[in-house]
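Okay, structure first, notes after.
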Amino acid sequence: MTTRYIGCISAKGGVGKTTTTINLAAALTYFGKNVTILDANLTTPNVGIYLGNPIAPITLHDVLRGKHDIKEAVFSHKSGLKAVLASISLKDAKKVDTTKLAKAIYGLEGTADIVLVDGAAGLGKEPQSAIKAVEEVIIVTNPEMPAVTDALKTIKLCKEMGKQVLGVVVTKTNSKNADMSLKDIENLLETNIIGVIPEDRAIKFSQANKETVVHSHPKSAAAVQYKHLAADMLGMSYHESVETNDGFVNFVMKYLGFKD
Ligand SMILES: Nc1ncnc2c1ncn2[C@@H]1O[C@H](COP(=O)(O)OP(=O)(O)OP(=O)(O)O)[C@@H](O)[C@H]1O
Ligand SMILES: [Mg+2]
19 MTTRYIGCIS AKGGVGKTTT TINLAAALTY FGKNVTILDA NLTTPNVGIY
69 LGNPIAPITL HDVLRGKHDI KEAVFSHKSG LKAVLASISL KDAKKVDTTK
119 LAKAIYGLEG TADIVLVDGA AGLGKEPQSA IKAVEEVIIV TNPEMPAVTD
169 ALKTIKLCKE MGKQVLGVVV TKTNSKNADM SLKDIENLLE TNIIGVIPED
219 RAIKFSQANK ETVVHSHPKS AAAVQYKHLA ADMLGMSYHE SVETNDGFVN
269 FVMKYLGFKD
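Residue numbers for the sequence shown, in our numbering: 19 to 278.
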């Protein structure tokens, strides 16, 4: 099998890169793909923490130190997801040589359909090592001017590095901080928006449960949107409606005869 290497990248911190990485991985798995997540946030890794397994027996740092082959570092999550986790130790973070990542990642060739890489924020050495390690990138942003401005710089850098930009995923779209429309974002970035993920409490609940929202709340707005994104990436058709929070209210209203 040929492996696709795709990065979830953004210069702006906190926009939803890790949330998108783990949920897009879960959604691609839902559609039958064999996916491995790789945590390229080498100084402040979050993937293991979000999945409830902060400490891996063999970490990406061990691989970059030349102590292990990357295949030995693939860890299986209870959800069926596979991941190569980074070490959360400060000592490891200080010593890591990020330049080795681009070579190390190709040790996963043939072991997965897609390796989905969670990048670090910024545009310095560490996030660049993630961009260098992949062939395709998804730019993650929020509908806020500072995030979109950073997304513009990120797109430019990725293109300069010869990477294929698959498109932009806008997350937390209905948050109170949103100050840009999707049309304006698309015009400013001159890049297609391929995913729109609303701010959703289900994301917080899933994080508290150390699960992806795709597993824990499969009919939530965020989960359905991540599945739409995955289906579109794979050229598959997918129709699922969102179960709204007022499901119970509707049920009672119908029961009492106030609604059809
Ligand atoms: N769709 C969403 N709805 C609600 N909260 C969200 C959503 N997406 C992300 N969040 C929240 O936003 C915060 C930041 O998300 P996340 O850690 O995925 O961002 P990041 O870009 O990876 O951050 P960093 O740059 O620090 O790595 C988290 O608390 C997460 O729960
Ligand atoms: Mg992150």
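Every residue gets a Cβ at the ideal spot worked out from N, C-alpha and C, and that includes glycine. If you're wondering where the values come from, they're calculated on a predicted model, not measured in any experiment.
Are the beta-carbon atoms of residue i and residue j separated by less than 7 Å?
i: V135; j: G34; result: no
i: K101; j: K245; result: Going by the sequence as given, residue 101 is Ala instead of Lys. In this structure, K245 does not lie closer than 7 Å to A101 by Cβ.
i: A27; j: V155; result: The identity of residue 27 in the sequence shown is Ile, whereas the question assumes Ala. In this structure, V155 lies closer than 7 Å to I27 by Cβ.
i: T61; j: A111; result: yes
i: G31; j: A139; result: yes
i: H235; j: A220; result: yes
i: T172; j: A29; result: yes
i: Y23; j: V152; result: yes
i: I132; j: V53; result: yes
i: M254; j: F49; result: yes
i: E162; j: T21; result: no
From this set, the options, which residue's C-alpha is nearest residue i's C-alpha?
i: S109; options: D80, Y244, M163, V152; result: Position check: residue 109 holds Lys in this sequence, whereas Ser was assumed. Nearest option by C-alpha distance: D80.
i: L78; options: A148, L206, K194, T172; result: A148
i: T129; options: N195, T159, L56, G137; result: L56
i: V186; options: I157, E261, K171; result: I157
i: A165; options: K190, K150, V152, A151; result: K190
i: P63; options: A104, K51, G84, I73; result: A104
i: N293; options: G137, V133, L42, F223; result: With the chain represented from 19 up to 278, any question about residue 293 goes unanswered, as that position is not in the structure.
i: A3; options: R22, V214, N205, K150; result: Only positions 19 to 278 of the chain appear in this structure, which leaves residue 3 out of reach.
i: E217; options: V188, F93, L82; result: V188
i: N210; options: A226, A169, K222; result: A169
i: T167; options: E153, A226, V260, N205; result: N205
i: H233; options: T21, T47, L274; result: T47
i: S238; options: L274, S224, K174; result: S224
i: L207; options: A43, Q243, K177, R83; result: K177
i: E229; options: K174, P72, R83; result: P72
i: I106; options: G125, K51, I76, N160; result: I76
i: N5; options: N192, K150, E258; result: Lying outside 19 to 278, the shown extent of the chain, residue 5 is not represented and no answer is given.
i: L42; options: I212, M19, K150, G125; result: I212
With respect to 6 Å, is the separation between the Cβ of residue i and the closest non-hydrogen atom of ligand 3 below this value?
i: Q243; result: With respect to ligand 3, the structure offers nothing, as its ligand set consists of ligand 1 and ligand 2.
Three or more beta-carbon pairs under 8 Å between the segment 190–201 and the segment 62–74, yes or no? no
The segment 29–38 / the segment 74–89 touching (three or more Cβ pairs under 8 Å): no
Using only Cβ atoms and a threshold of 5 Å, which residues come within that distance of a heavy atom of ligand 2? Order them by chain position. K35, T36, N64
Would you check if there are 3 or more beta carbon pairs closer than 8 Å linking the segment 171–181 to the segment 96–115? no
Going residue by residue through the segment 49–88, where are the continuous beta strand (DSSP E) segments of at least 3 residues, counting only ones entirely within it? 53–57
For the segment 113–122 and the segment 139–157, state whether three or more C-beta atom pairs, one from each stretch, are separated by less than 8 Å. yes
Please list the segments of the alpha helix (DSSP H) lying wholly inside the segment 185–259, counting only runs of 4 or more residues, in order along the chain. 200–207, 219–226, 231–234, 239–252
Taking the runs of the beta strand (DSSP E) that are 3 residues or longer, which of them lie wholly in the segment 82–123? 92–94, 100–102
Where are the alpha helix (DSSP H) runs, 4 residues long or more, that stay fully inside the segment 149–173, in chain order? none
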